[in-house]
Structure formats: structure tokens, C-alpha cells
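Structure record follows, encoded as C-alpha cells.
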Amino acid sequence: MAALPLQVLVPAGSVSSFDPASGGGDTCPCGDGVWIEFINAGAQARTVTLVTPGAYRGLAIADRAVPIPANSTVKVPASGDYAGANGRASITYDAPTDLRVGVFRYTS
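Written out as C-alpha cells, the structure reads:
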């Protein structure tokens, strides 16, 4: 499990990077204006799951499963709803093969 860093994008432009998805899942910062970008370079669709650690009136809130089509890029908002006890979101993958991930926030 890797702790993905937050990359802050600035108006003048930023070089961004993407890490390989970890077989055991990853964690990332989350909050207002933060998004996770997934790049699937493979011929097979993938599913990433953002764990929702909360409950509402004693009922668990369902985790968010996000399909990532083959040869596609998908951006997913990473709100504070996904923050675990350590303040980070937990991400799992059905398979990490050909999947890269980056975590971003824009600042003006």
C-alpha cells in the first residue's frame, strides 16, 4: 500500500506525475477541491473503490466503486467523506495491472 502524495497545480502550469497502482491498495489525501486521476493503459476495464468509512444513523455508507474503461482516464472527486481515522482516503483496485494514479488540487 502506497501513500500517494498530493500534487498542487498552479496557474503557471505544473508537471504532474502518476504512480503505478499498488496491489494492496493505496491511500491519498482528500478534501475540498481534491481529485484522484486514474489512467488505465490496458485493454481491460478496471474498477477502483474508494472506501467510505462513515455511517449514517448506525448504517454503513456504501463504498464508491468507479469503473475505469480500457484505455481511458477518469477523474474522481476525493471529498472529505472518504477520510479515514488518519485523514486519508483508502483506495482498492480489482487489479492494478496497467493502472496509474495521481492525486491533485488546483490553487489560484
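My numbering numbers the first residue of the sequence shown as 23 and each following residue consecutively.
We put the CB at the ideal spot given by N, CA and C, even for glycine.
State the Cα-Cα distance for the pair residue i and residue j, rounded to the nearest angstrom.
i: A111; j: C52; result: 6 Å
i: P33; j: R79; result: 42 Å
i: A92; j: A117; result: 13 Å
i: I83; j: A65; result: 32 Å
i: A87; j: E59; result: 14 Å
i: A77; j: D48; result: 22 Å
Are the beta-carbon atoms of residue i and residue j separated by less than 8 Å?
i: A43; j: Y104; result: no
i: V98; j: D41; result: no
i: G70; j: I90; result: Here the sequence assigns Val to residue 70, which means Gly is not the residue at that position. Going by C-beta atoms, V70 is nearer than 8 Å to I90.
i: V96; j: L26; result: no
Nearest by alpha-carbon distance to residue i: which of the options is it?
i: L113; options: L81, A34, Q29 and C50; result: Here residue 113 is Ile; the residue named in the question, Leu, does not match the sequence. Minimum Cα distance to I113 is reached at C50.
i: L28; options: D85, W57 and G46; result: W57
i: T119; options: P75, A77, S130 and R68; result: R68
Pick helix, strand or coil for residue i, following the three-state DSSP scheme.
i: G124; result: strand
i: D103; result: helix
i: P91; result: coil
i: T129; result: coil
Does residue i pass the burial test, meaning 16 or more other C-beta atoms within 10 Å, or should it be called exposed?
i: N62; result: buried
i: D54; result: exposed
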